[in-house]
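Participant: Sharing a structure here in C-alpha cells format.
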Amino acid sequence: MEKSASSTGTAADAKISSIFIYPIKSCRGISVPHAPLTPTGFRWDRNWVVVNQKGRAYSQRAEAKLALVEVNLPKEAFSEGWEPTKNSYMEIKAPGMDLLKISLVKPPQVADGVSFLGWSGSALDEGDEAAKWFTDFLGKPSRMVRFNAASETRAVDPVYAQGHFIMFSDQYPFMLISQESLDALNKLLKEPVPINRFRPNILAAGCEPFSEDLWTEIKISQFSFHGVKLCARCKVPTINQDTAIAGPEPNETLMKVRSDKVLRPDKKQQGKIYFGQSLVCKESLTEGKAKMVKVGDPIYVIKKVSNAAEAAA
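In the UniProt record's numbering, the protein residues as written are 1 to 313.
In C-alpha cells, the structure reads:
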C-alpha cells in the first residue's frame with residue numbers, strides 16, 4: 001500500500017467534474033452541482049424502485065425501457081437541511097406518457113414482501129396512480145415503492161465494507177469513474193459512449209486513465225472515502241440510454257482490455273469486466289451538518305495500491 005504525496009498537502013490528484021443522483025433505481029439520473037451525504041449515499045440516490053406484482057424489483061437488466069424514464073426533483077432538494085413539504089414533488093416523464101407527480105412527503109401505505117438482490121423487507125407504496133403509470137409504460141403489472149428507512153436497513157457486503165448501508169443501489173453507496181477512463185475506452189470504440197452508460201455518482205477529471213482503480217483512500221473536501229472494490233459491470237452499459245436498445249458494446253471491448261483475465265491474471269477468473277471504483281464514506285455515518293460534496297471539489301489520493309491486481313474486486 002502506497003501513501004500518496006498529496007496527503008502531505010500538495011496539489012490535488014483530480015477534481016469532481018460531475019455529480020449524478022438516480023432517485024429511481026434504473027431510471028435516468030440527475031446532474032447536480034452539489035449533493036448532501038447521508039448514511040446510504042448521496043441524498044435521494046436510489047430511494048425508489050419499481051417492482052412487479054410479486055414485489056421483485058425491476059432493473060434495466062430485465063426492463064431496458066426504464067432508461068427512458070426521466071426524473072426531476074426540486075432544485076432545493078439538494079440543499080443542506082432541506083425538508084419536503086406537502087407541495088414538494090418528484091416529476092416523472094417518459095415518451096408517450098403523461099407527467100406523473102409523486103409527493104416527496106412519505107406515503108402512508110406499507111408494502112410488504114419487496115425483494116431486491118437478496119434483500120427483502122417492507123417498503124412504502126406510492127399508490128395506485130404511480131402503479132398505473134408504470135404498469136401502462138412497462139406493459140406489465142408494476143408498483144413504485146420507496147425505501148422504508150424508518151424500519152429497514154440494507155447492509156453492503158461486510159467482507160468489503162463493514163457497517164455501511166444502502167437503499168436500492170446495487171452494492172455500495174457511491175461509484176466513481178474518471179473522465180480519462182471514459183476517454184481511453186472511447187478511443188477503442190467505433191462509436192463513443194457517454195458516461196450515462198455507466199451510471200456513476202461521481203465523475204472525476206484530471207487524473208490518468210484508470211488511476212481510480214488504485215485508490216483505496218481519497219479525500220474529497222474534508223471527507224474520507226474508501227475505495228472498497230472495483231466495479232464489475234453487468235449488461236447495463238450495453239443499453240443506449242436514449243433509445244433503450246442494447247448492443248454488444250462497450251462490453252465486448254471491455255472484455256478485451258478490462259477483464260479479470262487482463263487486469264488480474266494471477267487471481268481466480270470469473271469472466272468479469274471492471275469499470276469504476278465502488279466507494280464508502282466514513283463521515284456519512286456520523287451526525288453533523290454541512291456534509292456536502294460539490295462539483296469542483298479537489299480529490300486527494302491518500303492511499304493507493306500499485307496495480308489493479310492488488311485492488312479488491
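Where a beta carbon is used, it is the ideal one built from N, C-alpha and C, also for glycine.
1) For N186, collect the residues of the same chain with a Cβ closer than 7 Å to its Cβ; drop the 5 residues on either side in sequence, then sort them by chain order.
2) When you compare only the Cα positions, how much space is there between F174 and F168?
3) With DSSP collapsed to three states, give me the class of P298.
4) Could you check if A5 is buried or exposed, using at least 16 other CB atoms within 10 Å of its CB as the buried criterion?
5) Can you name the start and end residues of the beta strand (DSSP E) that N72 belongs to?
6) Within this structure, are the beta carbons of P33 and R43 separated by less than 7 Å?
7) Whether or not the stretch 71-78 and the stretch 139-159 are in contact is what I'm after, with contact meaning three or more pairs of Cβ atoms, one per stretch, closer than 8 Å; do they touch?
8) For I21, name the three-state secondary structure that DSSP assigns.
9) Give a yes or no on whether the C-beta atoms belonging to A64 and A244 are separated by under 7 Å.
10) In the DSSP assignment, the beta strand (DSSP E) including A52 goes from what residue to what residue?
11) Could you tell me whether the stretch 284-291 touches the stretch 17-27, where touching means 3 or more Cβ pairs closer than 8 Å?
12) Could you compute how far the alpha carbon of Q270 sits from the alpha carbon of R264?
13) Among P298, S306 and Y89, whose alpha-carbon lies nearest the alpha-carbon of S224?
14) If I measure Cβ to Cβ from E126 and keep anything under 7 Å in the same chain, skipping five residues before and after, which residues do I get?
15) With DSSP as the reference, label Q277 as helix, strand or coil.
16) Is it buried or exposed, K256, if we count other Cβ atoms within 10 angstroms and call 16 or more buried?
17) For the stretch 187-273, which segments carrying the alpha helix (DSSP H) assignment without a break, of at least 4 residues, lie completely within its bounds, in sequence order?
18) Less than 7 Å separating the beta-carbons of K219 and I302?
Facilitator: This is what the structure holds:
1) P192 and V193
2) The alpha-carbon separation between F174 and F168 amounts to approximately 12 Å.
3) Residue state, collapsed to three classes: strand.
4) With a pLDDT of 45 at A5, under the threshold of 50, the predicted position of this residue should be treated as unreliable, though the coordinate-derived value follows. Exposed, since its Cβ has fewer than 16 Cβ neighbours within 10 Å.
5) Unbroken beta strand (DSSP E) run through N72: E70 to N72.
6) P33 is not a Cβ neighbour of R43, given a cutoff of 7 Å.
7) No contact exists between the stretch 139-159 and the stretch 71-78.
8) Three-state result, I21: strand.
9) yes
10) At residue 52 the sequence reads Asn, which differs from the Ala that was named. W48 to N52 is the span of the beta strand (DSSP E), which, as asked, contains N52.
11) no
12) 10 Å
13) P298
14) I102, P107, M144, V145 and R146
15) strand
16) Classification for K256: exposed.
17) 251-257 and 260-263
18) Cβ distance < 7 Å, so K219 and I302 count as in contact.
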